[in-house]
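The next block holds one structure in the form of structure tokens; read it before the comments.
Numbering (the working numbering), first residue to last: 1 to 317.
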């Protein structure tokens with residue numbers, strides 16, 4: 001990407017989108033295109049077509065999506081599959097029609113089978129049943145990967161799908177019903193500390209293992225990939241395999257360990273009670289990230305430092 005390239009960040013108000021905009025601006029990219037949901041409804045095909053025809057972006061980061069934690073996915077599956085399928089289909093089609101040079105589609109590690117081998121390699125896609133609690137969201141993201149691959153094969157486009165591990169950071173959603181695990185725990189711990197509660201209840205057994213990546217690190221990874229030389233980028237979008245690449249930190253921990261770490265960062269000193277009647281989700285999920293390492297990229301933010309930044313943001317709201 002050139003510093004004067006027109007770059008469209010779809011979903012710039014979300015966790016990833018905010019980090020992308022901040023990082024692109026820091027690196028000197030000054031022709032960023034952003035639209036709020038009120039300005040542009042990405043589920044409306046005609047509106048998206050008109051937007052692309054008018055703006056003619058050179059590069060697209062497709063970070064727009066309907067996202068949420070276990071409760072939200074379990075209670076609104078139709079919303080998750082419908083809205084995400086419409087968003088990605090409209091953006092990818094319009095990107096092709098307007099000769100976008102490269103597109104980076106942000107997926108999710110939940111695309112992989114619930115019980116696949118660990119760490120999870122890109123080729124494990126579609127090798128087993130998905131985690132039931134977020135199947136609708138996962139299937140929508142799998143359709144997005146397939147669409148990128150199909151357009152690459154049929155029209156020689158350059159669309160790459162990036163699969164990040166669990167994300168957190170400044171700009172996250174802290175609603176207890178719809179948020180992911182880290183922002184939910186930060187809010188719970190903070191409110192318990194303020195109210196001087198003696199305990200905090202946490203969903204599940206605490207035994208499942210998860211990997212987490214700071215949103216600013218993911219933004220760096222996205223820009224790194226979009227700036228790859230032609231031969232390196234082309235090697236990732238072979239017509240013989242799905243154009244996906246994993247991004248993570250390469251380390252995981254139990255939810256119980258995560259809870260202890262967040263309690264320390266927040267300053268909550270009460271008891272932690274695990275509600276084993278609530279769902280755990282996938283037993284373990286850590287991504288195989290050797291492709292990214294081979295290209296020369298690794299994350300730079302420790303989990304403790306990232307949690308401190310996320311908590312600082314929460315307090316500033």
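For every residue, glycine included, the Cβ atom is placed at its ideal position computed from N, Cα and C. Values in this document were obtained by computation on a predicted structure and should not be read as measured data.
For residue 311 and residue 200, I'd like the C-alpha separation in whole angstroms. Within the chain shown, the letter at position 311 stands for residue 311. Within the chain shown, the letter at position 200 stands for residue 200. If I take the Cα positions, the gap works out to 17 Å.
Could you give the first and the last residue of the continuous beta strand (DSSP E) run that contains residue 168? Sequence index remark: in the chain shown, residue 168 carries index 168 (1-based). Where residue 168 is concerned, the enclosing beta strand (DSSP E) stretches over 166–168.
For residue 237, which of 153, 274, 12 has the nearest alpha-carbon? Taking the chain shown and counting its residues from 1, the one referred to as residue 237 is at position 237. When only C-alpha atoms are compared, the closest one is 153.
So residue 144 and residue 105 are in contact, right, with Cβ under 8 Å, and what is the actual spacing, rounded? Taking the chain shown and counting its residues from 1, one reaches residue 144 at position 144. Taking the chain shown and counting its residues from 1, one reaches residue 105 at position 105. About 5 Å; that satisfies the 8 Å criterion.
Starting from residue 153 and walking both ways along the alpha helix (DSSP H), at which residues does that stretch end? The sequence position of residue 153 within the chain shown is 153, counting from 1. Taken as a continuous stretch (DSSP letters only), the alpha helix (DSSP H) holding residue 153 covers 135–155.
How many whole angstroms separate the CB atoms of residue 226 and residue 59, which I take to be in contact at a CB cut-off of 8 Å? Counted from its first residue, the chain shown places residue 226 at position 226. Counted from its first residue, the chain shown places residue 59 at position 59. Right, the Cβ-Cβ distance comes to about 6 Å (below 8 Å), so this counts as a contact.
Does the beta-carbon distance from residue 56 to residue 98 come in below 9 Å? Sequence index remark: in the chain shown, residue 56 carries index 56 (1-based). Sequence index remark: in the chain shown, residue 98 carries index 98 (1-based). Taking 9 Å as the Cβ cut-off, residue 56 and residue 98 qualify as a contacting pair.
Report buried or exposed for residue 251, applying the criterion of at least 16 other Cβ atoms within 10 angstroms of its Cβ. The sequence position of residue 251 within the chain shown is 251, counting from 1. It counts as exposed.
Specify, as a first and last residue, the run of the alpha helix (DSSP H) that residue 1 falls within. Locating residue 1 in the chain shown gives position 1, where the first residue counts as 1. Note, residue 1: premise wrong, no alpha helix (DSSP H); not H, not E.
Just to check my reading of the structure: residue 63 and residue 9 have Cβ atoms closer than 8 Å, yes? What is that Cβ distance to the nearest angstrom? Taking the chain shown and counting its residues from 1, the one referred to as residue 63 is at position 63. Taking the chain shown and counting its residues from 1, the one referred to as residue 9 is at position 9. That belief holds up - the Cβ atoms of residue 63 and residue 9 are roughly 7 Å apart, short of 8 Å.
Integer-rounded CB distance, given that residue 24 should sit under 8 Å from residue 32: Taking the first residue of the chain shown as position 1, residue 32 is located at position 32. Taking the first residue of the chain shown as position 1, residue 24 is located at position 24. With 8 Å as the limit, residue 32 and residue 24 qualify as a contact, their Cβ atoms being about 6 Å apart.
So, is residue 12 buried or exposed, given that buried needs 16 or more other C-beta atoms within 10 angstroms? As a first step, residue 12 is located in the chain shown; it is residue number 12 there, counting from the start. Classification for residue 12: buried.
Validate contact between the stretch 113–132 and the stretch 295–306 using beta carbons, cut 8 Å, 3 pairs: no
Are residue 186 and residue 314 touching if we call contact CB-CB under 9 Å? Position 186 of the chain shown, counted from the first residue, corresponds to residue 186. Position 314 of the chain shown, counted from the first residue, corresponds to residue 314. Yes; because the gap between Cβ atoms is below 9 Å, this pair is in contact.
Do you know whose CA, among 245, 280, 198, 306, lies nearest residue 160's CA? Your numbering for residue 160 matches position 160 in the chain shown. Here the closest residue by C-alpha is 245.
Three-way DSSP call (helix, strand, coil) for residue 123 in this model: Along the chain shown, one-based indexing puts residue 123 at 123. DSSP places residue 123 in helix when its eight states are reduced to three.
Could you tell me the distance, in whole angstroms, from the CA atom of residue 209 to the CA atom of residue 50? The residue labelled residue 209 in the question sits at position 209 within the chain shown. The residue labelled residue 50 in the question sits at position 50 within the chain shown. Taking the straight line from one Cα to the other gives about 44 Å.
State whether the stretch 214–226 contacts the stretch 166–178, with contact taken as three or more CB pairs (one from each stretch) at a distance under 8 Å. yes
For residue 22, which three-state DSSP category applies? Taking the chain shown and counting its residues from 1, one reaches residue 22 at position 22. Three-state result, residue 22: helix.
Using only alpha-carbon positions, find the residue among 292, 254, 272, 189 that is nearest to residue 235. Walking along the chain shown from the start, residue 235 turns up at place 235. Ranking 292, 254, 272, 189 by Cα distance to residue 235 puts 292 first.
If you drop the 5 nearest sequence neighbours on each side, which residues of the same chain put their C-beta closer than 7 Å to that of residue 83? As a first step, residue 83 must be located in the chain shown, where it is residue number 83. Around residue 83: 43, 66.
Going by Cα to Cα distance, which pick from 230, 134, 5, 85 is closest to residue 157? By one-based count along the chain shown, residue 157 stands at place 157. Considering only alpha carbons, the answer is 230.
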